[in-house]
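Student: Numbering (our numbering), first residue to last: 1332 to 1602.
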Ligand SMILES: Nc1nc2c(ncn2[C@@H]2O[C@H](COP(=O)(O)OP(=O)(O)OP(=O)(O)O)[C@@H](O)[C@H]2O)c(=O)[nH]1
Ligand SMILES: [Mg+2]
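1. Roughly how many angstroms separate the alpha carbons of residue 1562 and residue 1578, rounded to a whole number?
2. Taking a contact to mean a Cβ-Cβ separation below 8 Å, would you say residue 1534 touches residue 1595 in this structure?
3. With a threshold of 8 Å, are at least 3 pairs of Cβ atoms found where one atom belongs to the stretch 1440-1457 and the other to the stretch 1498-1516?
4. Do you know how far the Cα of residue 1379 is from the Cα of residue 1504?
5. Would you call the stretch 1406-1421 in contact with the stretch 1342-1356, where contact means no fewer than 3 C-beta pairs closer than 8 Å?
6. Give the straight-line distance between the Cα atoms of residue 1391 and residue 1569, rounded to the nearest whole angstrom.
7. When burial is assigned at 16 or more other CB atoms within 10 Å of the CB, is residue 1352 buried or exposed?
8. What does a CB cutoff of less than 6 Å around residue 1457 pick up in its chain, not counting 5 residues either side in sequence?
9. From residue 1477 to residue 1406, what distance separates their C-alpha atoms?
10. If you scan the stretch 1549-1602 from start to end, which runs of the alpha helix (DSSP H) of 4 or more residues do you find wholly inside it?
11. With distance defined between alpha-carbon atoms, name the residue in 1397, 1383, 1386 nearest to residue 1474.
12. If you reduce the DSSP assignment to three classes, tell me which class residue 1443 lands in.
13. Have a look at residue 1402 and residue 1489 and give me their C-alpha separation to the nearest angstrom.
14. Any idea which residues DSSP pairs residue 1511 with across the strands?
15. Using DSSP with H/G/I as helix, E/B as strand and the rest coil, what is residue 1517?
16. Taking the runs of the beta strand (DSSP E) that are 3 residues or longer, which of them lie wholly in the stretch 1356-1404?
17. Closest by CA to residue 1554, which one among 1499, 1479, 1336, 1365?
18. With the cut-off set at 8 Å, would you say residue 1413 and residue 1493 are in Cβ contact?
19. Here's a check: name, in chain order, each residue in its chain whose Cβ is nearer than 7 Å to the Cβ of residue 1496, leaving out the five neighbours to either side.
20. Quick one: is the Cβ of residue 1418 within less than 7 Å of any heavy atom of ligand 2?
21. Whole angstroms is fine: what's the gap from residue 1571's alpha carbon to residue 1459's?
22. Does the beta-carbon distance from residue 1589 to residue 1537 come in below 8 Å?
23. Once DSSP output is grouped into helix, strand and coil, what is the label at residue 1474?
24. So, with DSSP's three-state summary, where would you put residue 1414?
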């Protein structure tokens, strides 16, 4: 049990900007019994070339992250599976901590992803927000879990692109699986550098949120709330960092505006 094989599956699409450092951080894990699988959505950049430097298990498969990860799990040999995005750098202890935690009788584990603030001021505001979600099950999603559990809940819903991680965690919760948290983190390098680019991403995600909402009617009321309980719980953060606090509130109006517009268009298209 202490040296069980862990399958790490990285889904990619034109990911050459960060893939090399991502895969390097997987190779540098203190836990060594790792099978690395890359499932690529027909990239036209150097993604495949980079991936092949680190593993021979590189597959081509569409059409988006959820379907690609499910496919990767089918190809895996590990007892545990771990979904790592191609723009993450893992702390060296992440896999070891996941293993230690899962052996304490958990089924799935959350390693917090924190925005890389070197990307710019939007990433700084995002970090102010996202770090409030560390250890909070409502706004987190497990990516490391027992393969058997992954299969029992039928993996990721392939119809969902935005909010697929929330959907997945909600399925785990409904089936009464136990989710634990670790302190080690993943650094999310792929933060938006321009505000407009970021808002357009939410506009696009908004269009797809119809699918997440349909599957998660109750949970979405809390998970997509404009003013979240977790902000109130972290009120001191807003007092001690007033500029970030105010920046976050303004940013949130824009995010919900663009996301909401996308959502309305998505709904109209569905009708
Ligand atoms: N955009 C996109 N990403 C894909 C696709 N297939 C796999 N991925 C991977 O899905 C993961 C997440 O994609 P990102 O574009 O980084 O999106 P994200 O980080 O979830 O978005 P934010 O958290 O909102 O910044 C990355 O590992 C991508 O390489 C695809 O077809 N399109
Ligand atoms: Mg990303």
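We put the CB at the ideal spot given by N, CA and C, even for glycine. Fair warning: this is a prediction, and the values are worked out from it, not measured in the lab.
Tutor: On the basis of the data shown:
1. Against the chain shown, residue 1562 aligns to sequence position 231. Against the chain shown, residue 1578 aligns to sequence position 247. Each residue's Cα considered, the two are about 14 Å apart.
2. Residue numbering aside, residue 1534 sits at position 203 when the chain shown is read from its first letter. Residue numbering aside, residue 1595 sits at position 264 when the chain shown is read from its first letter. No, Cβ-Cβ distance for residue 1534 and residue 1595 is not below 8 Å.
3. Contact check between the stretch 1440-1457 and the stretch 1498-1516: three or more CB pairs, one atom from each, fall below 8 Å, which counts as touching.
4. Locating residue 1504 in the chain shown gives position 173, where the first residue counts as 1. Locating residue 1379 in the chain shown gives position 48, where the first residue counts as 1. Those two C-alpha atoms are separated by around 35 Å.
5. Counting Cβ pairs under 8 Å, three or more are found: they touch.
6. In the chain shown, the residue the question calls residue 1391 occupies position 60. In the chain shown, the residue the question calls residue 1569 occupies position 238. Each residue's Cα considered, the two are about 45 Å apart.
7. As a position in the chain shown, residue 1352 is number 21, starting the count at 1. Under this definition residue 1352 is an exposed residue.
8. Within the chain shown, numbered from 1, the residue matching residue 1457 stands at position 126. Take residue 1457, set aside five residues on each side of it, and the residues of its chain with a beta-carbon closer than 6 Å to its own are 1446, in chain order.
9. As a first step, residue 1477 is located in the chain shown; it is residue number 146 there, counting from the start. As a first step, residue 1406 is located in the chain shown; it is residue number 75 there, counting from the start. When rounded, the distance between both Cα atoms is 15 Å.
10. If we require 4 residues or more, the alpha helix (DSSP H) runs fully inside the stretch 1549-1602 come out as 1560-1564, 1566-1571, 1573-1601.
11. As a position in the chain shown, residue 1474 is number 143, starting the count at 1. Comparing Cα positions, the closest option is 1397.
12. Within the chain shown, numbered from 1, the residue matching residue 1443 stands at position 112. It is a strand residue.
13. Residue mapping note: residue 1402 aligns to position 71 of the chain shown, counting from 1. Residue mapping note: residue 1489 aligns to position 158 of the chain shown, counting from 1. Roughly 11 Å between the two C-alpha positions.
14. Along the chain shown, one-based indexing puts residue 1511 at 180. 1440.
15. Within the chain shown, the letter at position 186 stands for residue 1517. Strand at residue 1517.
16. 1365-1371, 1389-1391, all fully within the stretch 1356-1404.
17. Here the question's residue 1554 lines up with position 223 in the chain shown. Checking every option, the nearest Cα to that of residue 1554 belongs to 1499.
18. For the purposes of this step, residue 1413 is taken as residue 82 along the chain shown, with counting starting at 1. For the purposes of this step, residue 1493 is taken as residue 162 along the chain shown, with counting starting at 1. No, the Cβ-Cβ distance between residue 1413 and residue 1493 is not below 8 Å.
19. Along the chain shown, one-based indexing puts residue 1496 at 165. Same-chain partners within the cutoff: 1472.
20. Counting from one through the chain shown, the residue named residue 1418 turns up at place 87. Yes, since a heavy atom of ligand 2 falls inside the 7 Å radius drawn around the Cβ of residue 1418.
21. Position 240 of the chain shown, counting from 1, holds the residue named residue 1571. Position 128 of the chain shown, counting from 1, holds the residue named residue 1459. Cα-Cα distance, rounded: 12 Å.
22. As a first step, residue 1589 is located in the chain shown; it is residue number 258 there, counting from the start. As a first step, residue 1537 is located in the chain shown; it is residue number 206 there, counting from the start. Against a cut-off of 8 Å, the Cβ pair of residue 1537 and residue 1589 comes out as a contact.
23. Mapped onto the chain shown, residue 1474 falls at position 143. The answer is coil: DSSP assigns residue 1474 none of H, G, I, E or B.
24. For the purposes of this step, residue 1414 is identified with residue 83 of the chain shown, where counting begins at 1. In the structure shown, residue 1414 adopts extended strand secondary structure according to DSSP, grouped into three states.
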